[in-house]
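Have a look at the structure below, then the notes.
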Amino acid sequence: MTHGTSIPDTVTLHIPFHVVKRGGRKEMQLPEGAPRLRRTDSTLVKALARAFRWKRMLDSGEFATIAELAEHEGIASSYMTRVLRLTLLAPEIVEAILDGQQGREVTLVRVLEPFPVEWGKQQFSKKETT
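Sequential numbering of the sequence shown, starting at 655, is according to the working numbering.
Shown next as structure tokens:
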């Protein structure tokens, strides 16, 4: 830009994307092949943190049962049980979630569904980062 060039009042950018629902929220999705940034899913990370915290509290003997701990935390014991199962996820899956590299299909709703406890049988796809 030279000294005499005027700055336009309006600049228009065209960015191709579409909106998809993911885990009860709306998210912008770029077209295939577009570079993707790593983005951690804070809901999943919080659930993992809670699961390992609760497991530690149970293992230490601070609480004798899941029902006792759930009452202390003010949540349903059935929900706590489902969240505690996250401690059985393969380390690679936990690491991928913490790094924001889990696949789009890996949402809290999905990981709270029953899954095999054997790490080798747990499946997920890694998010592509190009």
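Cβ atoms here follow ideal geometry from the backbone N, Cα and C, with glycine treated the same way.
A residue is called buried once 16 or more other Cβ atoms fall within 10 Å of its Cβ, and Asp663, having fewer, is exposed. A contact between stretches requires three or more CB pairs, one per stretch, nearer than 8 Å, and the segment 764–775 meets this requirement with the segment 727–743. Counting C-beta atoms within 10 angstroms of its own C-beta, Leu723 has 16 or more neighbours from the protein chains shown and is therefore classed as buried. Within 10 angstroms of the beta-carbon of Met734 lie 16 or more other beta-carbons, which makes it buried. The segment 669–733 contains, as complete alpha helix (DSSP H) runs of 4+ residues, the segments 696–713 and 720–727 (chain order). Going by C-alpha positions, Val699 is about 26 Å away from Pro685.
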